[in-house]
Amino acid sequence: MKEIDWNILGFHYTEPEYIVRAGFHDGVWEEPYATQDKYLHLHVSATCLQYGQEAFEGLKAFRGIDGKIRIFRWRENARRMARSAEGLYMKPVPEELFGKAIRLALEKNIDLVPPYGTGATLYFRPLLIGTTPRLGVGPGQDFEFIVIPSPIGPYYPGKFHCTTFVVNRHVDRAAPFGTGQFKVGGNYAASFRATEPAHAQGMDCLFLDARYHRYIDECSAANFIGIKKLKVESFQYEYLTPRSSAILPSITNDSLMTLAKEMGMKVTRRHIRLEELSEMSEAAACGTACVISPIDKVIDPERGKTYSFGAEPGPVLTELYHALKDIQYGRSEDRHHWCEVIEN
Ligand code: PLP
Ligand code: COI
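Numbered according to the working numbering, the sequence shown spans residues 2 to 345.
As structure tokens, this is what we get:
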């Protein structure tokens, strides 16, 4: 295996030794198996290629301060993938099969778990695709579940670093009753027209609701969080995050809401008007890949407005970031049993 410099890893694919696969044919799931073959022998008319019958997930394993490996909330990813599968008329992967495949992918690539202290983690990309050849528009009945592990570093440059987001009213990521609540490849392809120009300028996109272009939906690959002071001179804060049928229910956001409540914050999920950004003291994107990525500015070019939150991460988001990381790295008690600890 090639030497990896863990400290300079970004969010890029590093070829693992093994991937894990399990097919679904004639109504039965195969036992997951590890293979070094990274290519599929796939029919050109497979429903994943013809009609986008594909869903994926993202979760991480962390090497803790005690040397043990912790897989974070994999059951939540399994359940979300089952909902995505149902949303696209695919066969849901049974939860225990999902867990088995993740553990096998970890066991077969144990040397790819980055050492503690590097900030890098082992990311798992579970993938579910429709493999039945079909010309008529409709779902198939054969599927392939694949887990691709890859060590990764931070999603945005710098470990805990501010990113600028831009609003684009000419591209919608997902419709109110569309597939935004599912983690399916089509949502990401649909956003490239907005994200690629933003990335070219070192920024990312903040998507608004597709019906009115009035409320904040989410970022291209992360939920949105805003922090408001409850009273001007107080240290009482509100954790605000959008309610929308078009956004992905983020497991990171769910974890952070729990931690925020424990810190005594008011936690509110509701429609958030874009203009409300001017009442927030801090804002961030949150997700497995980007953890908490504080936002320094949201630019709305069409309206000639910029919402600024300061060039450095704010105190509330910093505290939440450390509280989450402490659990993931085994530095604080896992009160909610979020981590599966692997003794190795
Ligand atoms: N929203 C979108 C569109 C995403 O791609 C992701 C990443 O998975 C998230 C939100 C965050 O979800 P999670 O915290 O479960 O990774
Ligand atoms: C994640 O946060 O795990 C994601 O999948 C986001 C993105 C890289 C697609």
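For every residue, glycine included, the Cβ atom is placed at its ideal position computed from N, Cα and C.
Please determine, among K306, G59, V292 and T133, the residue with the shortest C-alpha to C-alpha distance to H42. As a position in the sequence shown, residue 42 is number 41, starting the count at 1. Of K306, G59, V292 and T133, the residue nearest in Cα terms is T133.
Assign E55 to buried or exposed, taking buried as 16 or more other Cβ atoms, counted over all protein chains shown, within 10 Å of its Cβ.
For this step, residue 55 is matched to residue 54 along the sequence shown. E55 should be labelled buried.
- Please list the segments of the alpha helix (DSSP H) lying wholly inside the segment 212–267, counting only runs of 4 or more residues, in order along the chain. 252–263
**Request:** Compute the distance between the beta-carbons of F25 and E32, then report whether it is under 9 angstroms.
**Result:** Translated into the one-based positions of the sequence shown, residue 25 becomes position 24. Translated into the one-based positions of the sequence shown, residue 32 becomes position 31. Against a cut-off of 9 angstroms, the Cβ pair of E32 and F25 comes out as no contact.
Bridge partners of Y308, per DSSP?
The sequence position of residue 308 within the sequence shown is 307, counting from 1. Beta-bridge pairing links Y308 to V299.
Give a single yes or no on whether G186 has its beta carbon closer than 8 angstroms to a heavy atom of the ligand PLP. As a first step, residue 186 is located in the sequence shown; it is residue number 185 there, counting from the start. G186 Cβ: outside cutoff for every heavy atom of the ligand PLP.
| query | Taking the C-alpha atoms as reference points, what is the distance between E219 and D335? | reply | Translated into the one-based positions of the sequence shown, residue 219 becomes position 218. Translated into the one-based positions of the sequence shown, residue 335 becomes position 334. One C-alpha to the other measures close to 28 angstroms.
query = How is W339 classed by DSSP in three states: helix, strand or coil?
reply = Along the sequence shown, one-based indexing puts residue 339 at 338. Here W339 sits in coil by DSSP.
- Query: Where does C287 fall in DSSP's three states?
  - Reply: Counting from one through the sequence shown, the residue named residue 287 turns up at place 286. C287 falls in the strand class under three-state DSSP.
- Cα separation between F310 and T164? The residue given as residue 310 occupies position 309 in the sequence shown. The residue given as residue 164 occupies position 163 in the sequence shown. The straight-line gap from Cα to Cα measures roughly 11 angstroms.
**Prompt:** Can the beta-carbon of V168 be found closer than 9 angstroms to that of P302?
**Reply:** To locate residue 168, count along the sequence shown from 1; it is residue 167. To locate residue 302, count along the sequence shown from 1; it is residue 301. Going by C-beta atoms, V168 is nearer than 9 angstroms to P302.
Using C-beta distances below 8 angstroms, list every residue in its chain close to L186, excluding the 5 sequence neighbours before and after it, in chain order.
If you number the sequence shown from 1, residue 186 lands on position 185. One detail in the question is off: residue 186 reads as Gly in this sequence, not Leu. Correct list, in chain order: G53, E55, A56 and F57.
query = Near V21, which residues of its chain fall below 6 angstroms by C-beta distance, leaving aside the five closest residues on each side in sequence?
reply = As a position in the sequence shown, residue 21 is number 20, starting the count at 1. If we look at V21 and ignore the five residues flanking it on each side, its Cβ neighbours are P33, A35, A102, L105, A106 and V148.
Between the segment 134–144 and the segment 176–186, do three or more beta carbon pairs fall short of 8 angstroms? no
*Segment contact flag, the segment 187–200 with the segment 318–332, C-beta cutoff 8 angstroms, min 3 pairs*: no
| request: Could you tell me the distance, in whole angstroms, from the CA atom of K39 to the CA atom of P150? | output: For the purposes of this step, residue 39 is taken as residue 38 along the sequence shown, with counting starting at 1. For the purposes of this step, residue 150 is taken as residue 149 along the sequence shown, with counting starting at 1. Those two C-alpha atoms are separated by around 11 angstroms.
Any idea what DSSP makes of C317, helix, strand or coil?
The residue you call residue 317 lines up with position 316 of the sequence shown. It is Val, not Cys, that sits at residue 317 in the sequence shown. Three-state result, V317: helix.
Is L408 near the ligand COI, with its Cβ less than 8 angstroms from a heavy atom?
Residue 408 is absent from the structure shown; the chain starts at 2 and stops at 345.
Taking 8 angstroms as the cut-off, is the CB of G288 close to at least one heavy atom of the ligand COI? As a working note, residue 288 is residue 287 in the sequence shown. Yes, since a heavy atom of the ligand COI falls inside the 8 angstroms radius drawn around the Cβ of G288.
*What is the residue span of the alpha helix (DSSP H) that K39 lies within?*
To locate residue 39, count along the sequence shown from 1; it is residue 38. Looking at the DSSP string, K39 is not in any alpha helix (DSSP H), and its letter there is neither H nor E.
When you measure from the CB of F12 to every non-hydrogen atom of the ligand COI, does any distance come out below 8 angstroms? Working through the sequence shown from its first residue, we reach residue 12 at position 11. Checking every heavy atom of the ligand COI against the Cβ of F12, one is found closer than 8 angstroms.
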